[in-house]
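Quick note: the sequence shown uses this note's numbering, first residue 57, plus one each step. Yeah, the Cβ is synthetic: ideal placement off N, Cα and C, and Gly gets one too. Since this is a predicted model, take the numbers as computed values, not measurements.
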Amino acid sequence: MRKAFWTVFIFLILLIAAIGWFHRGALWAYVVVLPLFALGVYDTIQKRHIILRNFPLLGYFRYGFEFISPEIQQYFIERSTDGRPFSRQQRSLVYQRAKNVMDTVPFGTQLDINAANYEGIRHTIYPKEKPAEAPRVKFGGAYCKKPYMASLLNVSAMSFGALSDRAVMALNLGAKKGGFYHNTGEGGLSDHHLKYGGDLVWQIGTGYFGCRTKEGNFDAKLFQEKVAAHPQVKMIELKISQGAKPGHGGVLPAVKNTPEIARIRHLEPHTTVISPPGHTAFHDAKSLLEFIGKLRDLSGGLPVGFKLCIGRTEEFTEICEQMVKTGMRPDFITVDGAEGGTGASPLEFTDSVGMPIEPALMFVRRTLERYGLHGEIKVIASGKVLTAASLMKMLALGADTCNSARGFLFSLGCIQALRCNTNKCPTGITTHDRSLVRGLVVSDKCERVYNFHKNTLHTFMELLAACGLDKVEDIRMSDFMRGDEFVQLANRYFPDGLGAVMNVSPGASA
Ligand SMILES: Cc1cc2nc3c(=O)[nH]c(=O)nc-3n(C[C@H](O)[C@H](O)[C@H](O)COP(=O)(O)O)c2cc1C
Ligand code: SF4
Numbered sequence: 057m058r059k060a061f062w063t064v065f066i067f068l069i070l071l072i073a074a075i076g077w078f079h080r081g082a083l084w085a086y087v088v089v090l091p092l093f094a095l096g097v098y099d100t101i102q103k104r105h106i107i108l109r110n111f112p113l114l115g116y117f118r119y120g121f122e123f124i125s126p127e128i129q130q131y132f133i134e135r136s137t138d139g140r141p142f143s144r145q146q147r148s149l150v151y152q153r154a155k156n157v158m159d160t161v162p163f164g165t166q167l168d169i170n171a172a173n174y175e176g177i178r179h180t181i182y183p184k185e186k187p188a189e190a191p192r193v194k195f196g197g198a199y200c201k202k203p204y205m206a207s208l209l210n211v212s213a214m215s216f217g218a219l220s221d222r223a224v225m226a227l228n229l230g231a232k233k234g235g236f237y238h239n240t241g242e243g244g245l246s247d248h249h250l251k252y253g254g255d256l257v258w259q260i261g262t263g264y265f266g267c268r269t270k271e272g273n274f275d276a277k278l279f280q281e282k283v284a285a286h287p288q289v290k291m292i293e294l295k296i297s298q299g300a301k302p303g304h305g306g307v308l309p310a311v312k313n314t315p316e317i318a319r320i321r322h323l324e325p326h327t328t329v330i331s332p333p334g335h336t337a338f339h340d341a342k343s344l345l346e347f348i349g350k351l352r353d354l355s356g357g358l359p360v361g362f363k364l365c366i367g368r369t370e371e372f373t374e375i376c377e378q379m380v381k382t383g384m385r386p387d388f389i390t391v392d393g394a395e396g397g398t399g400a401s402p403l404e405f406t407d408s409v410g411m412p413i414e415p416a417l418m419f420v421r422r423t424l425e426r427y428g429l430h431g432e433i434k435v436i437a438s439g440k441v442l443t444a445a446s447l448m449k450m451l452a453l454g455a456d457t458c459n460s461a462r463g464f465l466f467s468l469g470c471i472q473a474l475r476c477n478t479n480k481c482p483t484g485i486t487t488h489d490r491s492l493v494r495g496l497v498v499s500d501k502c503e504r505v506y507n508f509h510k511n512t513l514h515t516f517m518e519l520l521a522a523c524g525l526d527k528v529e530d531i532r533m534s535d536f537m538r539g540d541e542f543v544q545l546a547n548r549y550f551p552d553g554l555g556a557v558m559n560v561s562p563g564a565s566a
């Protein structure tokens, strides 16, 4: 290839010289050809990129296509039920609900509803009238002095830092309009969270951002002062782990540690700051519960809970045992599934660590019940809650309420370009590049956040009515059916072979 490069360029240079002999204007072509020639020469002698070294100039096409491959996939290849982590159909549903435009689909389902993993809701022939409003759920057990009535669906933890200032403001203003809460994420309480007065859950991670000492430990006085100064903080969430990267800390590089971020997080600006994978404020089940009690006292009695992705189940059981033994309790537990999102994480952690939300939620709820703890302790679920059906499923599996992160990002206009970790988010949501952030208009996007929440809950209440249920607490797993049950039914009722005729024998559709 290098030979071809030299040949073509030498030929071009000679050709231009020959034409230039007769028409001097042709010599302008050197303005284009010579820089390209210089770039090609550089490609062949540089040592970092094999492709460019072996295919000078042409190699750039590969990098270009690689860069736009998510767009090619999304615009030209993807079908409406394809697309990961969320299909085009799921994304479109959020866009439609957020824009308050028609959210119906024509002609019928596009899903393979005979597949073994299909999940459907069992409706009744005696549906109820749809209640006017979705109920709210009380957070705050016996030790809590300021209980909070939460919506069934709320904004999951995402920090200012991972999100742009305008994205944070739009989420908070939307939450205020819709009467639901907005979790700050572990990056501290920023001015952008506080500006519009929407309800906040202040999340505290292993970096204790916003309430940390110079050494990076928890600063009780700072925490107490901040909570007292901001009555819109309604609950405190201690983040133990997150589904997309359980057990992984974080690094705030010096370049991203701007004076603004440093002020919000209580850091030295322009220094690299490491969030360790674990907490320094506690080291076992008992000290975790003690720390939760301390946060509750310091906050004047707000509901305090912890967020985790389940890994070793025996560790969670041990926390429950300690609750029973000591009488200490959190007010809520947020269960995050391994399918959860993140701004940035190593692939091994997103793909291979932690339990998915469905088994994790069943396990947490059943364990709390086994120890007589559920009721006083509320369970929040997060992990791809996007539609009213997924919300209903989580409640059936044991959640009292749900959080959504990426659902609300779609409502802001996220197009799933998958560049959150590059500071080049084209929609201004996960970038701090002002030329991109300027596209996100808070007054418009807050309406979309509000509409998405309102319309999703509206459809949820319609589903509840279609099942003949009066109350959210009445939802059971038996209100759902799975495709593999149809296979069993076919084999039971038609043992002589309808399964074979329909090609639904066990395993055929898996
Ligand atoms: C951009 C982004 C930033 C996030 N930051 C945090 C965070 O600071 N703390 C946290 O506990 N979870 C964080 N998460 C995880 C979400 O709060 C949530 O638990 C997870 O994405 C699952 O919800 P989803 O499937 O609705 O996105 C983040 C997720 C995203 C997409
Ligand atoms: S549009 Fe922005 S927030 Fe959405 S996936 Fe792409 S980079 Fe991330």
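Exercise. How is Val88 classed by DSSP in three states: helix, strand or coil?
Worked result: Note: Val88 maps to helix in three-state DSSP.
Problem set entry | Status (buried if at least 16 other CB within 10 Å, exposed otherwise) for Ala74 | Within a 10 Å sphere around the beta-carbon of Ala74 sit fewer than 16 other beta-carbons, which makes this residue exposed.
Exercise. Going by the beta-carbon positions, is the gap between Pro392 and Cys365 smaller than 7 Å?
Worked result: One point to set straight first is that residue 392 is Asp, not Pro, in the sequence displayed. For Asp392 and Cys365, yes; Cβs fall inside 7 Å.
Exercise. Looking at C-alpha atoms only, which residue of Glu432, Glu404, Leu492 is the closest neighbour of His304?
Worked result: Comparing Cα positions, the closest option is Glu404.
Problem set entry | Within 7 Å, strictly: CB atoms of Thr373 and Thr328 | Cβ distance not < 7 Å, so Thr373 and Thr328 don't count as in contact.
For this session: In angstroms with no decimal places, state the Cα-to-Cα distance between Thr336 and Gly120.
Result: Straight-line Cα distance between these residues: approximately 45 Å.
For this session: Select from Ile72, Ile471, Leu245, Asp526 the residue whose C-alpha is nearest the C-alpha of Ser143.
Result: The option with the nearest alpha carbon to Ser143 is Ile471.
Problem set entry | Euclidean distance between Cα positions of Glu185 and Gly454 | Per the coordinates, the alpha-carbon of Glu185 lies some 25 Å from the alpha-carbon of Gly454.
For this session: Please indicate yes or no: does the CB of Ile471 lie closer than 6 Å to some heavy atom of ligand 2?
Result: Using a cutoff of 6 Å, the CB of Ile471 counts as near ligand 2, since one of the ligand's heavy atoms is closer than that.
Exercise. If you check the beta carbons only, do Gly244 and Ile128 fall under 7 Å apart?
Worked result: In this structure, Ile128 does not lie closer than 7 Å to Gly244 by Cβ.
Exercise. Could you give the C-beta distance for Val528 and Leu208, rounded to a whole number, given that I count them as a contact under 8 Å?
Worked result: That belief holds up - the Cβ atoms of Val528 and Leu208 are roughly 7 Å apart, short of 8 Å.
For this session: Would you check if the segment 130-142 and the segment 84-92 touch, i.e. whether three or more CB-CB distances between them fall below 8 Å?
Result: Two segments are said to touch when three or more pairs of C-beta atoms, one from each, lie closer than 8 Å; by this definition the segment 84-92 does not touch the segment 130-142.
Exercise. What does a CB cutoff of less than 6 Å around Gly254 pick up in its chain, not counting 5 residues either side in sequence?
Worked result: By the criterion of a C-beta distance shorter than 6 Å, Gly254 is surrounded in its chain by Asn228, Ala231, Lys232, His238, once the five residues flanking it on both sides are discounted.
Exercise. For Ile296, which residues from the same chain have a beta carbon less than 6 Å from its beta carbon, with the 5 sequence-adjacent residues on both sides left out?
Worked result: Take Ile296, set aside five residues on each side of it, and the residues of its chain with a beta-carbon closer than 6 Å to its own are Phe362, Leu364, in chain order.
Exercise. Which residues in the same chain as Ser565 place their Cβ atom closer than 8 Å to its Cβ, once the five residues preceding and following it in sequence are excluded?
Worked result: With a pLDDT of 42 at Ser565, under the threshold of 50, the modelled position of that residue is not reliable, and the figure given next carries that caveat. Correct list, in chain order: Asp168, Asn170, Ala171, Ala172, Gly539, Val543, Asn559.
Problem set entry | Spatially closest choice to Thr443 from Val311, Phe464, Glu432, Ile433, by CA coordinates | Of the listed residues, the one whose Cα sits closest to Thr443 is Phe464.
For this session: Return yes when the C-beta of Gly397 is under 6 Å from any heavy atom of ligand 1, and no when it is not.
Result: Flag set: Cβ of Gly397 near ligand 1.
Problem set entry | Exposure of Met158, with buried meaning 16 or more beta-carbon neighbours within 10 Å | Looking at its Cβ environment, which holds fewer than 16 other Cβ atoms inside 10 Å, Met158 is exposed.
For this session: Please confirm whether His509 and Phe236 have their CB atoms less than 7 Å apart.
Result: Result yes, Cβ atoms of His509 and Phe236 sit closer than 7 Å.
For this session: Report buried or exposed for Ala284, applying the criterion of at least 16 other Cβ atoms within 10 angstroms of its Cβ.
Result: Label assigned to Ala284: exposed.
For this session: Answer yes or no: the CB of Arg475 versus the heavy atoms of ligand 2, is any distance below 6 Å?
Result: Distances taken from the Cβ of Arg475 to the heavy atoms of ligand 2 include one shorter than 6 Å.
Exercise. How about Asp387 and Val360: are their beta carbons less than 7 Å apart?
Worked result: For Asp387 and Val360, yes; Cβs fall inside 7 Å.
Exercise. Do you know how far the Cα of Arg58 is from the Cα of Gly96?
Worked result: The straight-line gap from Cα to Cα measures roughly 9 Å.
Problem set entry | Coil, strand or helix - Gln259 by DSSP | DSSP places Gln259 in strand when its eight states are reduced to three.
Exercise. Ser143: beta carbon under 6 Å from a heavy atom of ligand 1?
Worked result: Ser143 Cβ: outside cutoff for every heavy atom of ligand 1.
For this session: Using three-state DSSP, classify Ile292 as helix, strand or coil.
Result: In the displayed model, Ile292 falls within a strand according to three-state DSSP.
For this session: Given a cut-off of 7 Å, decide if Thr240 and Leu256 are closer than it, judged by their beta-carbon atoms.
Result: The Cβ atoms of Leu256 and Thr240 sit closer than 7 Å to each other.
For this session: Would you mind stating whether Ser215 and Val493 have Cβ atoms separated by less than 7 Å?
Result: Cβ distance not < 7 Å, so Ser215 and Val493 don't count as in contact.
Problem set entry | Check whether Ala300 and Ser438 have beta carbons under 7 Å apart | For Ala300 and Ser438, no; Cβs fall outside 7 Å.
Exercise. Taking just the CA atoms, how far does Cys267 sit from Lys342?
Worked result: Cα to Cα, Lys342 sits roughly 22 Å from Cys267.
For this session: Could you check which residue in Ala190, Asp99, Leu468 has the C-alpha nearest to that of Thr515?
Result: Considering only Ala190, Asp99, Leu468, the residue with the shortest C-alpha distance to Thr515 is Ala190.
For this session: Could you tell me if Thr165 is buried or exposed, where buried requires 16 or more neighbouring beta carbons within 10 angstroms of its beta carbon?
Result: By the 16-neighbour rule on beta-carbons within 10 angstroms, Thr165 is exposed.
Exercise. Are Ile72 and Ala85 touching if we call contact CB-CB under 7 Å?
Worked result: Yes, the Cβ-Cβ distance between Ile72 and Ala85 is below 7 Å.
Problem set entry | Tyr237 - DSSP class collapsed to helix/strand/coil | The DSSP-derived three-state label of Tyr237 is coil.
Exercise. Can you tell me where the beta strand (DSSP E) with Ser438 in it begins and where it stops?
Worked result: From DSSP, the beta strand (DSSP E) with Ser438 extends over 434-438.
Exercise. Under a three-way DSSP split, which group does Thr382 fall into?
Worked result: DSSP, reduced to helix, strand and coil, places Thr382 within a helical segment of the structure shown.
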